[in-house]
Each structure stands twice: as structure tokens, then as C-alpha cells.
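The sequence shown begins at 368 in the numbering used here and counts up by one. Backbone N, C-alpha and C fix where the C-beta goes; we use that ideal spot for every residue, glycine too. A quick note: this is a predicted structure, and the numbers were derived from the prediction, not measured.
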Amino acid sequence: MSYSAIDRENKIIEVLQKKGSASIQELAEILKVSTMTIHRDLNKMEHAGYIQKKHGGVILAGKLTAANKHACAMCNKPVSERTIFIVQFENGEQKRACCAHCGLMIQSQSKGAWQSLTADYLHGHVVSANHAIYIFGSDLNVCCVPSILSFGSRQDADKFQKGFGGSLVTMEAAIHRLHGMMHTH
Ligand SMILES: [Zn+2]
Ligand SMILES: [Zn+2]
């Protein structure tokens, strides 16, 4: 029995949704095809924005991960695509947070956090959390307080800040501030 190209793509997505990540070897074994075939499938899928290749393995791209709604791993609030923050672990596990506030808490408190993704508050697309710009403590309390909103570009963050206040910070600085606030209680 062999899978068609479309079946393989669906199967690959299914595997990644279940496991978070997979190696090319693993996928070849699951689908009973050569690693060459998997390579070709993955190239196509990467092009379409479904997956991302990382260190010989593959993960789902933000587009698809953000489509799954779950409760926040920190505070249990429903996760909105607009503010979602996804912490990915080295072992392929993922934790979703309602917003960058919870996401950065999870990330800074867990071992093995490998790469995180966050939704750009203005445009809704998913960006790398490391490279995002955050607005800390704006007047717009969208989710958790103090509010932390993520932006893919500094320009957008600047624009937003002019309207709603708060301060522009990097991921490191946002984590630092969050922890500083907790320790004052
Ligand atoms: Zn939360
Ligand atoms: Zn939140």
C-alpha cells in the first residue's frame, strides 16, 4: 500500500500535530517511502508555508499550529489566535499560552524551551518570539495584566505605542520585567 502525494502531506501534518516535530527518517518509516521522497514532499510543504525544517527534523509552521485552539498552559484562559504564544521544547512538545505575558512566563520557567512563536498583534501572523518587539504595560489590557503585546516589526510597535502607551522592550527585557514585578509582591 502506498500513499499519494496529498495523502503523504496530510499524514505528515497529522504526525507533526501529534508529536510536535519529526525527523525525515521517522517520516520515511511511517509513510514507507524513501527519505528522498520525504525530502521532496517537505520542500513543497515548506514552500507552501505548512512546515519548517530544523536541524534535520521538521516542525509545523506557525500558520497551522496557531489554528489549533487550546486553553493557556499557564492560566487556562482560552487562547486567541490574535495573541497566541507558543513555546516549543527540544523534545518536540509544545505549550500554548493566551498571550505573551503567560508565554514568556512559561518560557522562562521551563527547562528545554527551544524556540517560541508569537502572533503579531497588529497583523495576526506568527513571528519568532526571539525577534519580536514587545510592548509592556500598554493601556490596552487585551489579556493578562501587565499586558505584553507582540509585534513583528519595530515600526508597528512604535505606532501602537503612540496610541496606547506602554514601553517597547525586547523579549529578554520583557521577561526580566515580569520577574521583577513578581518579586516585589
Ligand atoms: Zn494565560
Ligand atoms: Zn494572557
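1) Compute the Euclidean distance between the alpha carbons of G479 and D523, then round it to the nearest angstrom.
2) Taking the continuous alpha helix (DSSP H) assigned at K378, which residues delimit it?
3) Would you tell me roughly how many angstroms separate the C-alpha atoms of A372 and D408, rounded to the nearest one?
4) Should A438 go down as buried or exposed, given a rule of 16 or more other Cβ atoms within 10 Å for buried?
5) Measure the C-alpha to C-alpha separation of G530 and H498 and round it to an integer number of angstroms.
6) Bridge partners of R463, per DSSP?
7) Does at least one heavy atom of ligand 1 sit under 7 Å from the Cβ of M548?
8) Taking Cβ to Cβ, would you say K403 is nearer than 8 Å to E376?
A quick look at the data gives this:
1) Cα-Cα distance, rounded: 31 Å.
2) Per DSSP, K378 belongs to the alpha helix (DSSP H) from 372–386.
3) Taking the straight line joining both Cα atoms gives about 7 Å.
4) A438 should be labelled exposed.
5) Computed Cα separation, rounded: 23 Å.
6) DSSP output for R463 lists I453 as bridge partner(s).
7) No, Cβ of M548 sits at least 7 Å from all heavy atoms of ligand 1.
8) Contrary to the premise, residue 403 reads as Met rather than Lys in this sequence. No.
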